[in-house]
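>
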Amino acid sequence: MTRNSGGGAGAVAGSVLRYAVLAFVLLISLAPALWVIVSSFKTNAEVLGSALSIPANPSLDGYAEALTRTKFPLFFMNSAIASVGATVAAIGIFGMAAYALARYDFWGSRAIYAVLISSVFISLIPMLQPITLVIRTLGLYDTRWALILVYMVKGLPVAIFILHSYFKTIPKDLEEAAGIDGANMWQTYTRIALPLARPAVAAAGVLIFLNSWNDFLFALLLTQSENTRTLAYALRFFENQFSYDFPTLLAAIVLTLFPSVVVYVMLQEQIQKSLIGGAIRG
Numbered sequence: 315m316t317r318n319s320g321g322g323a324g325a326v327a328g329s330v331l332r333y334a335v336l337a338f339v340l341l342i343s344l345a346p347a348l349w350v351i352v353s354s355f356k357t358n359a360e361v362l363g364s365a366l367s368i369p370a371n372p373s374l375d376g377y378a379e380a381l382t383r384t385k386f387p388l389f390f391m392n393s394a395i396a397s398v399g400a401t402v403a404a405i406g407i408f409g410m411a412a413y414a415l416a417r418y419d420f421w422g423s424r425a426i427y428a429v430l431i432s433s434v435f436i437s438l439i440p441m442l443q444p445i446t447l448v449i450r451t452l453g454l455y456d457t458r459w460a461l462i463l464v465y466m467v468k469g470l471p472v473a474i475f476i477l478h479s480y481f482k483t484i485p486k487d488l489e490e491a492a493g494i495d496g497a498n499m500w501q502t503y504t505r506i507a508l509p510l511a512r513p514a515v516a517a518a519g520v521l522i523f524l525n526s527w528n529d530f531l532f533a534l535l536l537t538q539s540e541n542t543r544t545l546a547y548a549l550r551f552f553e554n555q556f557s558y559d560f561p562t563l564l565a566a567i568v569l570t571l572f573p574s575v576v577v578y579v580m581l582q583e584q585i586q587k588s589l590i591g592g593a594i595r596g
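In case it helps, this note's numbering puts the sequence shown at residues 315 to 596.
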């Protein structure tokens, strides 16, 4: 009886400690974001007076200023076009490559897959000058196409790895049945494999989109004018413009982060299905 009581108490203590650690990590992770959101509703005097206080009279003036005193809609559109364009192109092109590598065991297929996946370990820093030179040679400098092209290529290892792994979990019987019914390889891919791989498409798409949306480095290198400037890059200029207007600057940051959160929340169920599918296969 004593042993059972001791074991039960130890299990409870372990659970309490585990949840306490998780709560602490969660608090540390979310605290900066929560502070930015709360402070964006304050007045400038409140932010400067007490950074950790709750706004006495929450105001949307910071958001109005961020939207009206800058070219925020233009920067938002540039980010959306570059991120969505790169995501769609990466899934469309690299999805077909992942399917071919997963379903057709031709000579060199495993080596090709290994090379494509290993590209995730290649640092982009030494390649900045060659990439910029190629973009200028193609006549794409200071265009949205330059960002779409670079972001698409950056998404290659993510798209190949996630989609290849998920295509492996799809039973071949379904594709063989489609072949018996007269479907060719393209029809089998678009009507059978790709629809069944929606969770993997969502997972890869979210990762590529977030990586593209939050990019600063290539937006800095490959764009120059305001007409092609993305939100992540534009925040650099907001800091100078609103250096003493903290609510407006923080509101601009919140508006920049908002699409990323929305995309993840909308597709989180599909992402979880993709992770579960990979875990079951493993």
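Quick reminder that beta carbons are idealized off the backbone N, C-alpha and C, glycines included.
Here the structure is a predicted model, which means the values were calculated and not measured.
Taking 8 angstroms as the cut-off, decide whether the C-beta atoms of A492 and I405 are in contact.
As a working mapping, residue 492 is identified with position 178 in the sequence shown. As a working mapping, residue 405 is identified with position 91 in the sequence shown. Cβ distance not < 8 angstroms, so A492 and I405 don't count as in contact.
> So, helix, strand or coil for L438, using DSSP?
In the sequence shown, counting from the first residue as 1, residue 438 sits at position 124. L438 falls in the coil class under three-state DSSP.
> Could you tell me the distance, in whole angstroms, from the CA atom of G422 to the CA atom of W500?
To locate residue 422, count along the sequence shown from 1; it is residue 108. To locate residue 500, count along the sequence shown from 1; it is residue 186. Their Cα atoms are separated by approximately 22 angstroms.
> Measure the C-alpha to C-alpha separation of T502 and E489 and round it to an integer number of angstroms.
Residue numbering aside, residue 502 sits at position 188 when the sequence shown is read from its first letter. Residue numbering aside, residue 489 sits at position 175 when the sequence shown is read from its first letter. Roughly 6 angstroms between the two C-alpha positions.
> Straight-line CA distance for A337 to L344?
On the sequence shown, position 23 is the one that residue 337 refers to. On the sequence shown, position 30 is the one that residue 344 refers to. Near 10 angstroms, if we compare the C-alpha coordinates of L344 and A337.
> For N601, collect the residues of the same chain with a Cβ closer than 7 angstroms to its Cβ; drop the 5 residues on either side in sequence, then sort them by chain order.
Residue 601 lies beyond the residue range present for the chain, which begins at 315 and ends at 596; the question has no answer from this structure.
> Within the same chain, show all residues whose beta-carbon is closer than 6 angstroms to that of N371, passing over the 5 residues directly before and after it, in chain order.
Translated into positions along the sequence shown, residue 371 becomes position 57. Once the five neighbours on either side are set aside, N371 has no close Cβ partner at all.
> Starting from the N-terminal side, write out each stretch of the alpha helix (DSSP H) that is 4 residues or longer and does not extend beyond the segment 322-384.
358-363 and 375-382, all fully within the segment 322-384.
> Within a Cβ cutoff of 7 angstroms, which residues of the same chain sit near K468, ignoring the five residues on either side of it in sequence?
Indexing the sequence shown from 1 puts residue 468 at position 154. If we look at K468 and ignore the five residues flanking it on each side, its Cβ neighbours are N525.
> Short check: CB of S353 to CB of L545, under 8 angstroms?
The residue given as residue 353 occupies position 39 in the sequence shown. The residue given as residue 545 occupies position 231 in the sequence shown. Contact: no.
> Assign A580 to buried or exposed, taking buried as 16 or more other Cβ atoms, counted over all protein chains shown, within 10 Å of its Cβ.
Translated into positions along the sequence shown, residue 580 becomes position 266. Per the sequence presented here, residue 580 reads as Met, with Ala not at that position. Exposed, by the Cβ-count rule.
> Spatial neighbours of I462 within its chain, please: CB distance less than 6 angstroms, with the 5 preceding and 5 following residues excluded, ordered by chain position.
Residue numbering aside, residue 462 sits at position 148 when the sequence shown is read from its first letter. Cβ neighbours of I462 beyond the five flanking positions: A396, G399 and A400.
> Pair every Cβ in the segment 427-446 with every Cβ in the segment 464-478, then say whether three or more of these pairs are closer than 8 angstroms.
These segments touch.
> Please give me, in chain order, every unbroken run of the alpha helix (DSSP H) with length at least 4 that falls completely inside the segment 435-486.
Here the runs fully enclosed are 442-451, 458-468 and 470-481.
> Nearest CA to the CA of V568: which residue from Y377, L388 and N498?
Start at 1 with the first residue of the sequence shown, and residue 568 comes out as number 254. Minimum Cα distance to V568 is reached at Y377.
> Measure the C-alpha to C-alpha separation of T382 and I351 and round it to an integer number of angstroms.
Locating residue 382 in the sequence shown gives position 68, where the first residue counts as 1. Locating residue 351 in the sequence shown gives position 37, where the first residue counts as 1. Whole-angstrom Cα-Cα distance: 19 angstroms.
> Note down the Cα distance separating W527 from M410, rounded to an integer number of angstroms.
Position 213 of the sequence shown, counted from the first residue, corresponds to residue 527. Position 96 of the sequence shown, counted from the first residue, corresponds to residue 410. Computed Cα separation, rounded: 24 angstroms.
> Given a cut-off of 8 angstroms on the beta-carbon distance, is the pair V434 and F532 in contact?
As a working mapping, residue 434 is identified with position 120 in the sequence shown. As a working mapping, residue 532 is identified with position 218 in the sequence shown. No, the pair does not count as a contact, with Cβ atoms beyond the cut-off.
> Counting only the same chain and skipping the five closest in sequence on each side, list residues whose C-beta sits under 6 angstroms from that of R332.
Start at 1 with the first residue of the sequence shown, and residue 332 comes out as number 18. Contacts found: none.
> Shortest alpha-carbon distance to Y597 belongs to which of P509, L340 and M466?
With the chain covering only 315 through 596, there is no way to say anything about residue 597.
> Can you tell which of V520, L454, L348 and D529 has its C-alpha closest to the C-alpha of L438?
The count along the sequence shown starts at 1 and reaches residue 438 at position 124. When each option's Cα is compared against that of L438, the closest is D529.
> Since K356 and P369 should fall inside the 8 angstroms C-beta cutoff, what is the C-beta to C-beta distance between them, to a whole number of angstroms?
Taking the sequence shown and counting its residues from 1, one reaches residue 356 at position 42. Taking the sequence shown and counting its residues from 1, one reaches residue 369 at position 55. Indeed they touch by this definition, with Cβ atoms about 4 angstroms apart.
> Taking the alpha-carbon positions, what's the A277 to I494 distance?
No answer is possible for residue 277: it lies beyond the span of the chain, which begins at 315 and ends at 596.
> Output the distance between the C-alpha atoms of A365 and F389, rounded to the nearest integer angstrom.
Taking the sequence shown and counting its residues from 1, the one referred to as residue 365 is at position 51. Taking the sequence shown and counting its residues from 1, the one referred to as residue 389 is at position 75. For A365 and F389, the distance between alpha carbons rounds to 29 angstroms.
> With DSSP as the reference, label L430 as helix, strand or coil.
Counting from 1 along the sequence shown, the entry for residue 430 is found at position 116. Here L430 sits in helix by DSSP.
> Should Y520 go down as buried or exposed, given a rule of 16 or more other Cβ atoms within 10 Å for buried?
Within the sequence shown, the letter at position 206 stands for residue 520. With the sequence shown as reference, residue 520 is identified as Val, and Tyr is not the correct amino acid for it. Under this definition V520 is a buried residue.
> Taking buried to mean at least 16 other C-beta atoms within 10 Å of its own C-beta, is M441 buried or exposed?
For the purposes of this step, residue 441 is identified with residue 127 of the sequence shown, where counting begins at 1. Classification for M441: exposed.
> Helix, strand or coil: which one does DSSP assign to T537?
Within the sequence shown, the letter at position 223 stands for residue 537. Coil, per DSSP.
> For V515, does the count of other Cβ atoms within 10 angstroms reach 16, so buried, or fall short, so exposed?
Here residue 515 corresponds to residue number 201 of the sequence shown, with the count starting at 1. Flag for V515 reads buried.
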